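Presented below is the structure to which this report refers.
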Amino acid sequence: MNLNDSLSDHVRVDAAHKKALKRLNIESINDLLYHLPARYEDISDVQSVGGLEKGQEAVVYGQLSGLKTRKAWKSKKPIAEGKVEDGSASIKIMWFNQPYIAKMYSDGMYVKLAGKVAGSEGKLYLSNPEVEPLDSLPIDRHDSIFKDTEQADDTLYPVYRETKGITSKWLYHTVLKCFERGALDSLIDPIPVSILQKYNLPELKTALVWVHSPKKAKDAEAARKRFAFEEVFYIQVQKALERAAVSAASTYHIQTSPEHIAEFTDRFPFPLTDSQDTAIEAIAKNFIDNHAMSRLLEGDVGSGKTAVAATTAYAVATSRPPEGLDKKIEYGNLQVAYMAPTEILAKQHFESFIEYFKHLPIQIGLITGSGCMKFPSKSDPNKPTKISKAQLLKWVKNGEVPILIGTHSLIYKSVEFKHLAYVIIDEQHRFGTNQRKKLAKKDERLPHLLSMTATPIPRTLALTIYGDLDITLLDQMPAGRKPIKTEVVGPGQTKAMYDHVLSELEAGRQAYVICPRIEEPDPDKQTALNMKSVIAEAKRLKKDVFQDWEIGVLHGKMTPAEKDAVMQDFNNHKIDVLCATSVVEVGVNVPNATNIIIEGAERFGLAQLHQLRGRVVRGTHQPYCFAVTESKSEKTKDRLKALATAKNGFELAEHDLQFRGSGELYGGKQSGLTDLGMEAIRNLKLVEAARNEARHLVEQSPDLAKDFPLIKERVNKIGEALHME
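Taking the working numbering, the leading residue of the sequence shown gets 94, the next gets one more, and so forth.
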C-alpha cells in the first residue's frame, strides 16, 4: 500500500462515498490519514445499559425509540418517556414534568444520556437524563468497549469532520483498515530527528497512530502538537525562503538624513508621535541595508500610517538613481508605487499626497480602472488634472513621475517604471517577491516593500502569516484624537441612540449607518437570518428617524463612478447620513463624520467591527460607535462588550483570538492554515520555535530541494495555496 494510492484501490468505496470524500478533499490514502479528528469523545465514564444498577449516575450512548408522552396514574403529572438501546440491552427513560422532550427528539436518533438510574429490579429506568444529540455513535455498538472493560485507558474515540454520505465512524474504521494493511510501512518523516527530539515531538508514524486511535489523552495531545508544529513549520520555511530570496536580490541604497526628513515633517500641522518617529527611523535604516526591506506597518485606524508612508516616499522620491550620481547625468529621481485595495482609497491617497507634496516640484500620478490623473496641472499648479493613460505611462516609464498611486492596475504589463525603488501596499498583505519583480519589470533590482494594515493582528498570527516581514507597530494616536465611545445597543434600546445621533447632526456633524446586506432577499427565498439591508434601511430611516436630513446610499454593487459621487457628496457635507455596507470598512476618511451605527453587529467579526468604527476617529470631535444587535445570546453580549472595553485594536485582536479562534478572526482560507494550525497559533512558544527552526534550516541548507526534498515538496504546496488569488 502506497500513501499516494487512491483510497478506492484498497477500500470499498461506493458512489455516495466517492462524492462525500471529494467534498472532504480525500482522494488518496495520504489525504485520509491527514484528515485529522476534530475532537475526541471520552467514554471512560460510559456504562453498558445491561450492567446498570439502581442509584448509580450513568452515562449511556445509544439509539432512542418509543418516544411518547403520558400522564402519571395518580398525580396526573405529564411524563415524557422512551427507550435507549446500546447493543447490549435497552433501558427505559423518563422525564417528569417535561412532556415537550418527546417532541424535541425523534425515534432513531443517536444520543449521549447522563442521568440517575431509578426504579426497582427488573424495572430500572433513567430519570430525567440530560440529552446530547449525536450525528452518530462514537463507536459501533457491537465494538469491544463493553467486552474489554479492564482496558480503562482505551476510552478515547476520534470524532471527524463529516459530510452527507460519510460518517465519522466510517472514517475511523477506514483509517484502522489502512493501518492494518501497512499504510505506514514506507512512511518517511520529513521533519529532522534533531528538531523532533528538541521539542519532544513524536515521529510521524507514531503521531498518526496516536492522533487516530489514542490509548490516552496525552497521546492525542502529543500527536496534535506535532502536526500543529509541522504545519506552522512548513509555512515558516516558505516565509524564510521568501526572505532569503529578497536578501539575495540587489536593491537600491537610499541615503537620507534626519535633517532631510525634518524638512518634510516640520510642515505637518501636527507633531509626529514617538511610534511614527521610530517607524520612519527603522524604514530609513532599511533603505541603506544591503538587501531590500520587507516590513509590515501595523497600526490602529487614525494612528498615522499615511504620514509615515508619505515621509518615507519623500525620502525616496528626492533621491537620485545610482547612475545619475555616478555619471552626473540627469536621470530623474527614484520612484515610488503606492497600491490601494479600492479606487475610493487610491483617490483618497492621491489627494492626501497632494497635500503632503504640493510645496515640492514632485509629480504625482494616479492610475485606476476609471482613468488617470496627474498633479500638478500645467494650467493650475495647485490642482490635479485628468490625463490619458498613454501619456501617464510614458512619463512613468521615463522616470518623470516619481510617485504613482493606484489599485492592482499598477501590476499590469503596460505599467513600466524607470527606477522603482519603493513599493507601499495598503491592506494587501499577499504581496510576495514575484509580484515585486513584476512591478520592477526589467530592473534587476528589487524594490523595498512597506505593507500597511489597520487590521489588528495578534502577535502569533503575525509571526506565522507574515514570517517574511519585519513588523513595526504604531501603538500611539496623534495628539488631539479623542478615544471613541462605544455602546452596545440591544433589542428595544434604539430610541436613545437615534436621539443622540440627531443631536450630533444638529451640531453639524455627520453619521454612518452600516448594514450587513445590500438588498432585502427575495420573499420566496427568505432565510431565517434577520439582517437589515442598506436600501430598505435608508428608506426606513428617511421616513421614521432622519426626515429632515439628507441620506445617501453606498454599496459594492455600485459602479466606481457612482461610489465616487456619493463619497464626494458625503465629504462635502451634501449628505448627512451615509447608509452603507462594510465597503466603507477600509480607509474612507471624512473627519466630520463622528457617529457610526452598525446594524447586526453580531454578524461581523471583532476585527471588522473595530475597522468599521475607525471611520469616525478621523477628526478632533468626540466620536461615537453604536453596535446594534437583536441577539440575546450571552456569547454575543460578551464579544460586543469586549468591543466597548478594549483600549485598542491589538488588545481586541488578542481577545478575539482567545474568544472566537483565529480562523474567524483572520480566515483560514487567507492564511493557508487548517483548523489545527489555527488553534496552534494561540501558542506563542510553538510559533516562535517553528519560526526559529525554519530560519535555521534555510540558513544551513540553501538548497532545500537537495537536502530536504520532502520538506521542499510540502512547502511548495503551501506556497501555491498562499499565492492563489
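Where a beta carbon is used, it is the ideal one built from N, C-alpha and C, also for glycine.
Keep in mind the model is a prediction, meaning the values are calculated, not measured.
If you draw a straight line from the alpha carbon of Asn776 to that of Arg784, how long is it in whole angstroms?
12 angstroms
Which listed residue (Val286, Ser261, Ala400 and Gln329) has its alpha carbon closest to that of Arg71
Any question about residue 71 goes unanswered here, given that the chain covers just 94 to 818.
Since Ile460 and Ser502 are thought to touch, with beta carbons under 8 angstroms apart, how far apart are those beta carbons, to the nearest angstrom?
5 angstroms
Per-residue DSSP class, three states only, for Val106
Note: Val106 maps to coil in three-state DSSP.
So for Asn682, helix, strand or coil by DSSP?
coil
Output the boundary residues of the beta strand (DSSP E) element that contains Asp568.
In the DSSP assignment, Asp568 falls outside any beta strand (DSSP E), carrying neither H nor E.
Can you tell which of Val676, Ala589 and Met651 has the C-alpha that lies nearest to the C-alpha of Pro609?
Val676
If contacts are defined as beta-carbon pairs under 8 angstroms, then Asp393 and Ala555 qualify, I think. What distance do you get, rounded to the angstrom?
Contact between Asp393 and Ala555 is absent: CB atoms are separated by about 15 angstroms, not below the 8 angstroms threshold.
Taking the beta strand (DSSP E) that Thr461 falls in, what are its first and last residues?
Ile457 to Thr461
Assign Phe363 to one of two classes, buried (16 or more other C-beta atoms within 10 Å of its C-beta) or exposed (fewer than that).
exposed
Residues bridged to Ser158 (per DSSP)
BP columns for Ser158 point to Lys176.
Within 10 angstroms of the Cβ of Asn682, are there 16 or more other Cβ atoms? Answer buried if so, exposed if not.
buried
If contact is defined by three or more beta carbon pairs under 8 angstroms, each pair taking one atom from either stretch, is the stretch 430-449 in contact with the stretch 370-385?
no
Candidates Leu157, Asp367 and Gly583, of which the one nearest Lys176 by Cα
Leu157
Since Leu702 and Leu736 should fall inside the 8 angstroms C-beta cutoff, what is the C-beta to C-beta distance between them, to a whole number of angstroms?
6 angstroms
Report the three-state DSSP secondary structure of Ser387 (helix, strand or coil).
strand
Please say whether Glu391 and Thr565 have beta carbons closer to each other than 9 angstroms?
yes
Say whether the stretch 153-171 touches the stretch 271-291, bearing in mind that this needs 3 or more beta-carbon pairs closer than 8 angstroms, one atom from each stretch.
Contact fails: fewer than three Cβ-Cβ distances are below 8 angstroms.
Shortest alpha-carbon distance to Leu705 belongs to which of Val659, Asp561, Ile607 and Val508?
Ile607
Going by the beta-carbon positions, is the gap between Val627 and Ala673 smaller than 9 angstroms?
yes
Whole alpha helix (DSSP H) runs in the stretch 347-418 with 4 or more residues, listed along the chain?
351-358, 367-380 and 398-410
Going by C-alpha distance, which of Val330, Asp179, Lys216 and Ser220 is nearest Gln819?
Summary: the structure shown does not reach residue 819, with the chain confined to residues 94 through 818, and so no result is reported for it.
Beta carbon of Thr267 nearer than 9 angstroms to that of Leu125
Against a cut-off of 9 angstroms, the Cβ pair of Leu125 and Thr267 comes out as a contact.
Could you compute how far the alpha carbon of Ala151 sits from the alpha carbon of Asp561?
54 angstroms
Neighbourhood of Val106 by C-beta distance below 8 angstroms, restricted to the same chain and skipping five residues each side:
Leu100 and Leu114
For Gln369, collect the residues of the same chain with a Cβ closer than 7 angstroms to its Cβ; drop the 5 residues on either side in sequence, then sort them by chain order.
Cβ within range, chain order: Gly397, Ala400, Val401 and Leu567.
Give the DSSP bridge partners of His541, in chain order.
Tyr515
Given this structure, state the Cα-to-Cα distance separating Met660 from Phe322, to the nearest angstrom.
47 angstroms
Quick one: what does DSSP say Tyr833 is sitting in, helix, strand or coil?
Coverage of the chain is limited to positions 94 through 818, which leaves residue 833 absent and any answer about it impossible.
Should Val224 and Phe272 be called a contact, given that it needs their Cβ atoms to be closer than 9 angstroms?
no
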